[in-house]
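S.K.:
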Ligand SMILES: Nc1ncnc2c1ncn2[C@@H]1O[C@H](COP(=O)(O)OP(=O)(O)O)[C@@H](O)[C@H]1O
Ligand SMILES: [Mg+2]
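Protein chains in written order, with this note's numbering: chain A, 489 to 798; chain B, 6 to 125.
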């Protein structure tokens, strides 16, 4: 994974993960009516950096190891906790996304936030910056394993099948003028490629470009077929139809050019962006057409692992 | 922004069964032209549209768009709902206009897809 992709993945995870997924549960709490000196045991033996202060199940404050050291220096160990603790503390709800915690840490610069349940406002955990880092790393690791396993299936197929060269061929027939079935080929191909373990980004690009081509067959032709070849280094999608063909291919490729009739536009297409879109999402596209005979469009999507080679 | 927050902001109704209110949506887009959605829509986003046919769901499906909200009270027919269910696309409807819907989401912090361009 390159840097940019890792960063966005981490950002995604901070939206996906909830505070309750990474916080420390089963935390030590103390009441507010006892002397500060009682905290020594908890802070020292349990090696924690801050203790929530709770009276009758209600969170009333927080005392950190820094507060404790200050009391120690100034000989105030016999003072009551309630006079030394931080009151009006900022808290987080357990069901908030982790990114809210990240933003709060940035905003206030505190070392920890107590976590309360939204329903009864009871204290149920505490979250520190290191909890966030640990939680994200753990999730990143599982996500990575899942993705690895899915990808393994793809490479596995190519390894297990014995031949000098391996091609998988998936063929779809597309009816002309039948908008109820338009999209079946592209969505079918998408599912197939995903199940074979290709990366979601590659699958998405193949699906979008196939879909635009499929729409064109339905909108403009008497019908045709889509053949996708999965090869070791690329996906090659060959789309052919039975005519009427395109009189000026150059012009057809221009963004905005369209001969789409009203019924196509009513369905959300026909803005002259289909072929430009295919060009955008494919690594390579070639369009050849003979009037009356038909059109042949070839879309190449390189498999990312090989993208920088050759 | 979670699907639940979106639902509340848009005063929307959920039409597909499999709906996790806590699903996070980071980006929104809106158009009645599906080619535009394919060009600038982002994976994991929500699409707001006043177009109502099965190609909206196919578009969401191929572009990895998680949720679709039909605006202006456009009630999608059974085929649309069935296809959405089959492909795990969440479907909302709202009586609000397109502008009002987008405005509410944007004002409350949902990001847009940014600029449109046809480059790679
Ligand atoms: N397979 C095809 N057979 C005949 N004409 C086609 C075909 N594909 C595209 N065209 C022509 O090229 C034009 C541009 O196609 P496209 O970029 O997909 O835009 P749109 O479909 O929105 O019109 C179409 O309007 C049509 O005239
Ligand atoms: Mg088209």
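Quick reminder that beta carbons are idealized off the backbone N, C-alpha and C, glycines included.
1. Hey, would you say residue 59 of chain B sits closer than 7 Å to residue 84 of chain B, going by beta carbons?
2. Counting only beta-carbon separations shorter than 7 Å, does residue 765 of chain A have a partner in chain B?
3. Is the shortest distance between the beta-carbon of residue 569 of chain A and the beta-carbons of chain B less than 7 Å?
4. Can a CB atom of chain B be found closer than 7 Å to the CB of residue 630 of chain A?
5. Indicate whether at least one CB of chain A lies closer than 7 Å to the CB of residue 25 of chain B.
6. Could you tell me which chain B residues have their CB closer than 8 Å to the CB of residue 692 of chain A, listed as they occur along the chain?
7. Does any residue of chain A have a CB that is nearer than 7 Å to the CB of residue 116 of chain B?
8. Contact defined as beta carbons within less than 8 Å: I believe residue 578 of chain A pairs with residue 551 of chain A. What is the distance between those atoms, to the nearest angstrom?
9. Is the separation between the beta-carbon of residue 34 of chain B and that of residue 118 of chain B shorter than 7 Å?
10. Do you know how far the Cα of residue 714 of chain A is from the Cα of residue 664 of chain A?
11. Does the beta carbon of residue 758 of chain A fall short of 6 Å from some heavy atom of ligand 1?
12. For residue 747 of chain A, I'd like the list of residues in its chain whose CB is within less than 8 Å of its CB, leaving aside the five on either flank, ordered along the chain.
13. For residue 705 of chain A, I'd like the list of residues in its chain whose CB is within less than 6 Å of its CB, leaving aside the five on either flank, ordered along the chain.
14. Give the straight-line distance between the Cα atoms of residue 17 of chain B and residue 110 of chain B, rounded to the nearest whole angstrom.
15. Below 6 Å CB to CB, which residues in the same chain sit around residue 779 of chain A once its five sequence neighbours on both sides are set aside?
16. Which residue or residues does DSSP assign as beta-bridge partners of residue 505 of chain A?
17. Please name the residue in A/788, A/782 and A/600 whose C-alpha comes closest to that of residue 616 of chain A.
18. Looking only at its own chain, which residues have a Cβ that is under 7 Å from the Cβ of residue 659 of chain A, when we skip the five neighbours before and after it?
19. Between which residues of its own chain and residue 27 of chain B is the CB-CB distance below 6 Å, once the five residues before and five after are set aside?
20. By how many angstroms is the C-alpha of residue 544 of chain A removed from the C-alpha of residue 97 of chain B?
21. Taking residue 90 of chain B as part of the alpha helix (DSSP H), name the residues at either end of that continuous run.
22. If we cut at 7 Å on Cβ distances, does residue 53 of chain B have a partner in chain A?
23. Within its chain, find whatever has a CB closer than 8 Å to the CB of residue 80 of chain B; leave out the 5 residues flanking it on each side and keep chain order.
24. For the beta strand (DSSP E) that contains residue 773 of chain A, what are its first and last residues?
25. How many Å lie between residue 681 of chain A and residue 723 of chain A at the Cα?
26. How many angstroms separate the CA atom of residue 120 of chain B from the CA atom of residue 41 of chain B?
M.R.: Put simply:
1. Contact flag set, yes.
2. yes
3. no
4. no
5. no
6. 48, 67, 68 and 69
7. Residue 116 of chain B has a beta carbon lying at 7 Å or more from every beta carbon in chain A.
8. Between residue 551 of chain A and residue 578 of chain A the Cβ distance is about 15 Å, and since that is not below 8 Å, they are no contact.
9. yes
10. Each residue's alpha carbon lies about 13 Å from the other.
11. yes
12. 708
13. 662, 712 and 729
14. 12 Å
15. 733 and 735
16. For residue 505 of chain A, which the question treats as bridged, DSSP gives no partner whatsoever.
17. A/600
18. 713 and 715
19. 7
20. A direct Cα-to-Cα measurement between residue 97 of chain B and residue 544 of chain A gives close to 43 Å.
21. 83 to 91
22. no
23. Cβ within range, chain order: 57 and 98.
24. 772 to 778
25. 10 Å
26. Taking the straight line joining both Cα atoms gives about 12 Å.
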